[in-house]
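What follows is a single structure, written as structure tokens, with notes after it.
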């Protein structure tokens, strides 16, 4: 129940563009699966800055490195 409420608050704050509050809402979540799903949602909504945080909390160094490399692409569609 607590994780579900945290995810709802996260989604709300990401939609509003309030990244600090979004991160505060899910800071206590420890499940790698939850972080993976949030990272997937962030990529779908093209919020690569938030996806980087999610991947970092998952412990996916390779994913964070790929995301940073993709961020350097000149074409916006190539970054996704």
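Residue numbers (the numbering used here): 3 to 82.
Ideal Cβ placement from N, Cα and C applies to all residues, glycine included.
Could you give the residue range of the alpha helix (DSSP H) that holds residue i?
i: residue 13; result: 4-18
i: residue 73; result: 63-73
i: residue 28; result: 21-28
i: residue 42; result: 34-46
i: residue 52; result: 50-60
Using only CA atoms, which one of the options lies nearest to residue i?
i: residue 18; options: 49, 61, 58 and 65; result: 49
Excluding the five sequence neighbours on either side, which residues of its own chain have a C-beta within less than 6 Å of the C-beta of residue i, listed in chain order?
i: residue 65; result: 57
i: residue 37; result: 56, 59 and 60
Grab me the residues of residue i's own chain with a C-beta within less than 7 Å of its C-beta, minus the 5 sequence neighbours each way, in chain order.
i: residue 27; result: 8, 11, 12 and 15
i: residue 67; result: none
Would you say the beta carbon of residue i is closer than 6 Å to some non-hydrogen atom of the ligand COA?
i: residue 32; result: Absence of the ligand COA from the depicted structure is noted, as is the absence of any ligand whatsoever, leaving it without description.
Just mark residue i as buried or exposed, buried being the case when its beta carbon has 16 or more other beta carbons within 10 Å.
i: residue 63; result: exposed
Could you tell me whether any Cβ in chain C is nearer than 7 Å to the Cβ of residue i?
i: residue 49; result: The structure shown contains no chain C; it holds only a single protein chain.
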